[in-house]
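Colleague:
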Amino acid sequence: MPESTLSGPELALQQLGQTPLGRYLFTSSTLTRDFIEIGRHAELWGRRSRLRLSGKPLLLTELFLPASPLY
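With this note's numbering applied, the sequence shown covers -5 to 65.
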């Protein structure tokens, strides 16, 4: 995450504690997604999204483990 993203209200990203990152991001009214890429390697699926939080860049990469319960 670029250091410039961690300024203003987004400084709260450093203090999430037990709060899931997705909950913080996807309940934010300032979040936009301008790119998404989905891929698969064997049984492992992944997704990479370029997000903007208050106009500031954030690259989010997610892996979906095959043995995990439904998300």
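Glycine included, each C-beta is placed from N, C-alpha and C at the ideal position.
1. Can you find the residues in the same chain that come closer than 8 Å, C-beta to C-beta, to residue 40, ignoring five residues on each side of it along the sequence?
2. Measure how close the beta-carbons of residue 47 and residue 15 come, nearest whole angstrom, since I'm counting them as under 8 Å.
3. Consult DSSP for residue 56 and reduce its assignment to one of helix, strand or coil.
4. Please classify residue 37: does DSSP put it in a helix, a strand, or coil?
Modeller: Answer, in terms of the structure:
1. Hits under 8 Å: 32, 33, 34, 55, 56, 57 and 58.
2. Their Cβ separation, rounded to whole angstroms, is 11 Å, which puts residue 47 and residue 15 out of contact at 8 Å.
3. DSSP, reduced to helix, strand and coil, places residue 56 within a strand of the structure shown.
4. coil
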